[in-house]
Amino acid sequence: MTDTPFDLNHQSAYQRWRDAKRQNQPRLARDLIVPVTDPCALSQSEQQALLQRCKVANMAIYRSPLQREGKDIPRLLAQQLGMHRLDGNWLADEDCISQIRVAAPAGERAAFIPYTNRPIKWHTDGYYHPQSRHIRAMILHCVRAASAGGESAVMDHEMAYIALREANPDWVRALMAPDAMTIPARLDQDGVARPEQTGPVFSIDPSCTALHMRYTARTRSVLWKKDSVTQAAVAFLEQFLASDASPVFRLTLQPGMGLVCNNVLHDRAGFIDDPRQPRLLYRARYLDRLRQPGPASERMQAA
Numbered sequence: 000m001t002d003t004p005f006d007l008n009h010q011s012a013y014q015r016w017r018d019a020k021r022q023n024q025p026r027l028a029r030d031l032i033v034p035v036t037d038p039c040a041l042s043q044s045e046q047q048a049l050l051q052r053c054k055v056a057n058m059a060i061y062r063s064p065l066q067r068e069g070k071d072i073p074r075l076l077a078q079q080l081g082m083h084r085l086d087g088n089w090l091a092d093e094d095c096i097s098q099i100r101v102a103a104p105a106g107e108r109a110a111f112i113p114y115t116n117r118p119i120k121w122h123t124d125g126y127y128h129p130q131s132r133h134i135r136a137m138i139l140h141c142v143r144a145a146s147a148g149g150e151s152a153v154m155d156h157e158m159a160y161i162a163l164r165e166a167n168p169d170w171v172r173a174l175m176a177p178d179a180m181t182i183p184a185r186l187d188q189d190g191v192a193r194p195e196q197t198g199p200v201f202s203i204d205p206s207c208t209a210l211h212m213r214y215t216a217r218t219r220s221v222l223w224k225k226d227s228v229t230q231a232a233v234a235f236l237e238q239f240l241a242s243d244a245s246p247v248f249r250l251t252l253q254p255g256m257g258l259v260c261n262n263v264l265h266d267r268a269g270f271i272d273d274p275r276q277p278r279l280l281y282r283a284r285y286l287d288r289l290r291q292p293g294p295a296s297e298r299m300q301a302a
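Rendered as structure tokens:
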């Protein structure tokens with residue numbers, strides 16, 4: 000990790016990266032939006048605009064006139080942005096893409112918050128996965144919005160890292176410890192459905208030295224290391240995510256819109272469904288990060 004901004008012993012590299020990050024960070028949610036004609040067939044300028052926003056902020060929002068259903072939409076979009084290795088979970092469809100909608104009360108999905116209309120706390124996707132299955136990037140594509148509510152909040156996880164390191168570098172060190180956060184095993188009637196998973200909050204992707212974050216704000220089904228430094232770091236992070244002064248972007252995805260990101264922090268407000276047109280999003284999660292854009296200005300450019 001030498002000479003990277005995430006090496007706590009290499010302050011000058013961190014300071015250069017931090018200053019550039021702050022200078023180029025978008026200020027408003029609309030700064031993340033790229034209008035596209037068809038997410039299944041991006042133009043070169045649309046592709047570059049999405050990738051450039053993701054380079055700067057680890058995320059972008061696309062807005063298209065596409066109103067139809069079809070999981071080919073996130074799959075084809077992902078391929079154009081350098082993502083190919085889909086990671087499925089046991090509740091995803093056979094093609095590894097999940098349909099995020101309110102599940103029937105009697106179904107197995109109903110026990111899991113994404114498949115309800117309840118709010119979801121801050122998290123990164125796959126925080127319960129081992130390192131070999133880190134969710135590095137994801138797409139959320141909106142087919143139908145709720146009749147009321149369902150607002151999303153997103154935050155670049157690198158901005159959370161900066162806030163922690165500026166406040167106390169020891170907090171970053173604690174959250175990079177291999178035993179910082181434990182997700183207990185999930186049990187079912189047959190025994191252990193998913194084993195206990197212990198790991199760091201912040202880690203460095205060995206393939207590209209990018210920062211990865213593994214986090215959930217849930218108070219149940221998570222065990223934090225009990226030393227005082229880790230506990231203080233977790234408390235600071237909770238307050239930072241809740242603060243109106245933090246760099247949080249809030250928006251409600253409308254039909255044809257979607258989020259592409261390097262698995263940034265996000266939450267979801269509760270919502271009310273229209274039973275005739277219930278809310279539906281497609282979620283595609285990837286083991287690949289978004290690829291880097293071609294030569295362009297560091298500043299975000301309009302498509």
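Just so you know, we're using numbering that gives the first Met the number 0 here: the sequence shown kicks off at 0 and counts up by one. Yeah, the Cβ is synthetic: ideal placement off N, Cα and C, and Gly gets one too.
Rounded to a whole number of angstroms, what is the C-alpha to C-alpha distance between residue i and residue j?
i: Asp243; j: Arg249; result: 11 angstroms
i: Pro205; j: Thr3; result: 12 angstroms
i: Pro246; j: Asn262; result: 16 angstroms
i: Arg100; j: Ala241; result: 26 angstroms
i: Val142; j: Met58; result: 19 angstroms
i: Thr208; j: Leu236; result: 23 angstroms
i: Gln188; j: Ala91; result: 20 angstroms
i: Asp124; j: Pro113; result: 11 angstroms
i: Ala303; j: Phe239; result: Nothing in the structure corresponds to residue 303, since the chain is present only between 0 and 302.
i: Pro177; j: Arg213; result: 12 angstroms
i: Arg67; j: Asp155; result: 30 angstroms
i: Ser97; j: Arg278; result: 13 angstroms
i: His128; j: Leu186; result: 15 angstroms
i: His9; j: Phe201; result: 17 angstroms
i: Ala102; j: Tyr281; result: 14 angstroms
i: Tyr13; j: Leu264; result: 21 angstroms
i: Trp16; j: Val191; result: 43 angstroms
i: Leu75; j: Ile161; result: 34 angstroms
With residue i and residue j assumed to form a contact (beta carbons below 8 angstroms), what rounded beta-carbon distance in angstroms separates them?
i: Pro38; j: Ile72; result: 6 angstroms
i: Met137; j: Tyr285; result: 6 angstroms
i: Gly148; j: Ala28; result: Incorrect: roughly 17 angstroms between the Cβ atoms, too far for contact.
i: Thr218; j: Ala144; result: 29 angstroms between Cβ atoms; not a contact.
i: Pro199; j: Ala184; result: Their Cβ separation, rounded to whole angstroms, is 19 angstroms, which puts Pro199 and Ala184 out of contact at 8 angstroms.
i: Asp94; j: Lys120; result: Rounded, the Cβ-Cβ distance is 28 angstroms, inconsistent with contact.
Could you pull out every residue in the same chain whose Cβ sits closer than 8 angstroms to the Cβ of residue i, ignoring the five residues on either side in sequence?
i: Ala234; result: none
i: Thr36; result: Ser42, Glu45, Ser63, Pro64
Residues in the same chain with beta-carbon distance under 6 angstroms from residue i, minus the five sequence neighbours each way, listed in chain order, please.
i: Pro292; result: Gln47, Leu50, Gln51, Lys54
i: Leu163; result: Trp170, Val171
i: Thr215; result: His122, Tyr126, Val221
i: Lys224; result: Asp178, Ala179
I'd like the list of long-range same chain contacts for residue i, defined as Cβ closer than 7 angstroms, with 5 residues on each side in sequence excluded.
i: Val228; result: Asp169, Trp170, Ala173
i: Leu31; result: Pro25, Arg52, Ala56, Met58, Ala59, Ile60, Phe248
i: Arg84; result: Tyr285, Leu286, Asp287
i: Phe5; result: Ile203, Leu210
i: Ser146; result: Ile271, Asp272, Asp273
i: Ala231; result: Trp170
i: Ala166; result: Phe235
Could you tell me which uninterrupted alpha helix (DSSP H) segments, each at least 4 residues in length, are contained entirely in the segment 210-265, listed from first to last along the chain?
227-241
Secondary structure, beta strand (DSSP E): runs of 3+ residues fully inside the segment 2-84
32-34, 58-62
At 3 residues or longer, what runs of the beta strand (DSSP E) sit wholly inside the segment 83-155?
97-99, 119-122, 136-143, 151-154
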